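What follows is one structure encoded as structure tokens, with my remarks underneath.
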Amino acid sequence: MGTLASCSFGSVSFKLQLIPRCNERIQVFQHLKLKKTNKGSCCCSSSFPSRAISNGRLSFRNFCRFRCLCTNDNDVDKNEDSVSNDSRVSTASPNEEEDKNTDDKSPPSVSSRPPSISPVGPPYSNFQVDSFKLMELLGPEKVDPADVKVIKDKLFGYSTFWVTKEEPFGDLGEGILFLGNLRGKREDVFAKLQSQLAEVTGDKYNLFMVEEPSSEGPDPRGGPRVSFGLLRKEVSEPGPTTLWQYVIALLLFFLTIGSSVELGIASQINRLPPEVVKYFTDPNAIEPPDMELLYPFVDTALPLAYGVLGVLLFHEVGHFLAAFPKKVKLSIPYFIPNITLGSFGAITQFKSILPDRSTQVDISLAGPFAGAALSFSMFAVGLLLSSNPDAAGDLVQVPSTLFQGSLLLGLISRATLGYTAMHASTVTIHPLMIAGWCGLTTSAFNMLPVGCLDGGRAVQGAFGRSALIGFGLTTYTLLGLGVLGGPLSLPWGLYVLICQRNPEKPCLNDVSEVGTWRKAFVTVGIVLVLLTLLPVWDELAVELGIGLVTTF
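If you're matching positions, the sequence shown starts at 1 in the UniProt record's numbering and goes up one per residue.
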């Protein structure tokens with residue numbers, strides 16, 4: 001014998017707000033129709049404020065959500081929040097609506113338990129909503145949706161790029177990434193899109209051609225699949241140099257001059273007063289010596305300081321000469337002082353977006369190659385003067401362990417100076433050789449393929465961002481183990497992690513290949529960096545006679 005299905009009703013609260021942009025009065029209605037099914041009958045109900053709708057006429061255009069609850073009398077509480085699959089809702093005529101709404105004296109039985117209506121989206125607290133609004137207010141300005149529609153209609157199509165999907169683009173999702181299918185040669189399509197973008201929106205946006213993220217395979221025309229990203233110019237382009245940045249750069253430059261002079265004074269350690277030598281070499285020394293004792297050695301330290309500063313100057317000039325023909329703007333250099341090498345180089349930022357990866361490789365390699373060329377010239381001249389009797393008055397003595405710090409430079413020095421001169425506790429050399437040695441070491445450190453260093457930028461431009469990640473992890477590992485750079489590996493690694501760890505931003509054309517010879521130059525540069533920063537291990541030093549190695 002069948003039983004009558006019981007029906008549960010719940011009151012639904014409605015809060016009407018008048019939206020400022022729409023001066024319309026929103027009317028809400030809900031019509032319910034009961035229909036029996038094989039399993040039982042289903043009742044649907046809603047509760048409205050009677051005064052709010054008694055004076056108005058209900059319209060079919062108005063819409064209201066409702067819940068239809070269908071349960072059996074044996075399991076009312078269990079299925080009270082479930083939606084019946086057997087219930088059907090149909091609309092009624094206007095007359096039936098009016099008759100039903102005016103009959104307020106006989107309302108259906110309503111359950112006292114309110115229904116649990118699950119929210120459509122994830123719930124957010126007021127604090128989260130305020131945080132989202134604050135981030136949107138303080139964050140970068142996003143692309144105008146109206147401009148996106150115009151760009152899609154006038155730029156993209158069958159002859160250029162057929163858009164199939166849109167995704168956020170940029171560090172904070174402030175841009176739009178257009179995904180789809182390329183309809184021609186990527187360089188020609190990109191040039192055409194850039195020209196049309198300037199005609200449609202003026203100087204408002206920058207268009208980027210990047211590799212499609214999470215691409216399933218290469219493009220049928222060859223090479224990776226590409227996508228096009230759109231960003232506002234004020235968001236994508238670096239800001240101008242501020243006054244405080246000029247002040248900081250000037251202060252760092254003066255500190256670098258001081259550290260270079262200090263290196264020149266330290267190179268004359270065999271001539272310095274004993275109390276000064278003790279202070280700089282004895283870790284237990286506490287009281288500093290009278291600095292006036294160093295004044296007579298400043299004049300003789302200047303040639304070495306000039307050599308270190310000259311290498312830094314050539315390095316930066318190389319960057320600027322390579323950037324000028326490409327109309328790429330560079331920031332002022334922020335020199336990093338260091339008492340061991342005189343300087344760790346300089347931080348030079350791009351102040352405009354790079355047009356392509358070839359430009360990135362050219363500018364990145366120009367600085368280290370120019371500095372290394374001058375450094376190696378001074379190193380070679382210093383080696384020749386070190387064995388010249390006429391320059392004996394200018395020679396200084398340095399510990400022979402210095403030549404064990406670099407495999408490449410140690411082997412060159414051993415081949416030039418000979419076994420007798422190198423197989424000793426100290427070696428007599430010319431100050432120019434020290435300046436060249438420090439310059440080559442600094443250039444090699446800056447050519448390491450990690451982060452935003454010159455080597456990292458070159459590897460990113462030549463082989464892509466994914467290759468830079470692998471090179472970077474390997475470099476960090478070698479620096480952490482002390483394999484590269486010897487005692488300077490730790491301070492240099494910390495400097496990179498703090499100041500230069502992030503890779504360079506994408507170029508406008510971040511897809512086109514750079515060519516074989518650029519990749520070859522980058523590869524040769526990385527090999528020379530490894531040979532320069534790898535130390536001479538004890539077994540090889542003993543066999544070649546580089547210094548006196550004490551074994552226990």
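Positions of the beta carbon are idealized from the N, C-alpha and C atoms, including for glycine. Here the structure is a predicted model, which is why all the values come from computation and not from measurement.
### Message
Does the segment 283–302 come into contact with the segment 325–342, if we say contact requires no fewer than three beta-carbon pairs (one atom in each stretch) closer than 8 Å?
### Response
Judged by Cβ distances under 8 Å, the segment 283–302 makes no contact with the segment 325–342, as fewer than three pairs qualify.
#### Entry: Proximal residues to S489 (C-beta, below 7 Å), its chain only, five neighbours per side dropped
Sequence-distant partners of S489 (beyond 5 residues in either direction) whose C-beta falls short of 7 Å from its own C-beta, in its chain, are L479 and G482.
#### Entry: Reference V542, options A424, G202 and L531, closest by Cα
Selection A424, G202 and L531 evaluated against V542 yields A424 as nearest (Cα-Cα).
### Task
Return yes when the Cβ of A435 is within less than 8 Å of the Cβ of V522, no when it is not.
Between V522 and A435, the C-beta gap is not smaller than 8 Å, which leaves the two residues out of contact.
#### Entry: Under the three-state DSSP convention, the category K165 falls into
K165 falls in the strand class under three-state DSSP.
### Query
In terms of DSSP beta bridges, what is M209 paired with?
F228 and N509.
### Task
Give the range of the alpha helix (DSSP H) segment to which S195 is assigned.
From DSSP, the alpha helix (DSSP H) with S195 extends over R186 to T201.
#### Entry: Burial state of T242 (16 or more Cβ within 10 Å)
Flag for T242 reads exposed.
#### Entry: Beta-carbon spacing of residue 553, S443 below 8 Å
Any answer about residue 553 is impossible in this case: the structure gives the chain only from 1 up to 552.
### Task
Please state if the CB of L252 and the CB of L193 are separated by a distance shorter than 8 Å.
Going by C-beta atoms, L193 is not nearer than 8 Å to L252.
### Message
Just to confirm the assignment: which complete alpha helix (DSSP H) runs, minimum length 4, are found wholly within the segment 432–514?
### Response
Listed in chain order, the complete alpha helix (DSSP H) runs (minimum 4 residues) inside the segment 432–514 are 454–463, 465–480 and 489–499.
### Task
Would you kindly report the start and end of the unbroken beta strand (DSSP E) that includes A346?
Annotation for A346: the continuous beta strand (DSSP E) segment containing it runs G342 to I347.
### Message
Quick check: what's the CA-CA separation for V496 versus R183?
### Response
The alpha-carbon atoms of V496 and R183 are separated by roughly 42 Å.
### Task
Work out the CA separation of W244 and L207 for me, nearest whole Å.
Spanning the alpha carbons of L207 and W244 requires a straight line of approximately 31 Å.
### Query
Out of curiosity, what's the CA-to-CA distance linking P303 and V261?
C-alpha separation (whole angstroms): 9 Å.
### Task
Name the residue from G515, L272, E211 and K165 whose alpha carbon lies nearest to the alpha carbon of V396.
The candidate whose alpha carbon is nearest that of V396 is L272.
### Query
How many whole angstroms separate the CB atoms of P368 and D454, which I take to be in contact at a CB cut-off of 8 Å?
Distance from P368 to D454 at the Cβ level is roughly 5 Å; contact confirmed, criterion being Cβ atoms closer than 8 Å.
#### Entry: Every unbroken beta strand (DSSP E) within the segment 361–418, with a cutoff of 3 residues, ordered by chain
Counting whole runs of 3 or more residues, the segment 361–418 contains the beta strand (DSSP E) stretches 396–399.
### Task
Could you spell out where the beta strand (DSSP E) holding T426 opens and where it closes?
Here the beta strand (DSSP E) through T426 covers T426 to I429.
### Task
May I ask which residues mark the beginning and end of the alpha helix (DSSP H) holding I257?
L243 to A266 is the span of the alpha helix (DSSP H), which, as asked, contains I257.
### Query
G439 and S375: beta carbons closer than 8 Å?
At a Cβ-Cβ threshold of 8 Å, G439 and S375 count as neighbours.
#### Entry: Simplified DSSP assignment, three categories, for Y295
Judged by DSSP in its simplified three-state form, Y295 adopts helix.
### Task
Would you kindly check if the distance between the Cβ of P491 and the Cβ of R465 is under 8 Å?
R465 is not a Cβ neighbour of P491, given a cutoff of 8 Å.
### Contact belief for L230 with V143 at Cβ below 8 Å, rounded distance in angstroms
A Cβ-Cβ distance of about 6 Å is found for the pair L230 and V143, placing them in contact under the 8 Å criterion.
#### Entry: According to DSSP, residues forming a beta bridge with G175
According to DSSP, G175 bridges with F169.
### Query
Thinking just about the alpha-carbon of each residue, which of A266, F169 and T256 is nearest to the one in R232?
Among A266, F169 and T256, the Cα nearest to that of R232 belongs to F169.
### Query
Which term fits residue 555, buried or exposed, when burial requires 16 or more other beta carbons within 10 angstroms of its beta carbon?
Shown here, the chain extends from 1 to 552; a query on residue 555 therefore has no answer.
### Message
Please report the distance separating the alpha-carbon of G410 from that of Q404.
### Response
So the two alpha carbons sit approximately 6 Å from each other.
### Message
Count Cβ pairs between the segment 498–518 and the segment 379–386 that sit closer than 8 Å; are there 3 or more?
### Response
The segment 498–518 is not in contact with the segment 379–386.
#### Entry: For V398 and I269, the rounded distance between their alpha carbons
Cα to Cα, I269 sits roughly 8 Å from V398.
#### Entry: Strand pairing of L309, partner residues [DSSP]
According to DSSP, residue pairing for L309 in a beta bridge does not occur.
### Query
Should L321 be labelled buried (16 or more other beta-carbon atoms within 10 Å of its own) or exposed?
L321 comes out exposed.
### Message
Per DSSP, what are the beta-bridge partners of F335 in this structure?
### Response
The partner list for F335 (beta bridge, DSSP) reads A346.
### Task
Assign L354 to one of three DSSP states: helix, strand, or coil.
Under the three-state reduction of DSSP output, L354 falls in the coil class, being neither helix nor strand.
### Task
Going by CA-CA distance only, name the one from K165, Q360 and K327 that's closest to N509.
Nearest of K165, Q360 and K327 to N509, Cα basis: Q360.
### Status (buried if at least 16 other CB within 10 Å, exposed otherwise) for S259
Around the Cβ of S259, a 10 Å sphere holds 16 or more other Cβ atoms; the residue is buried.
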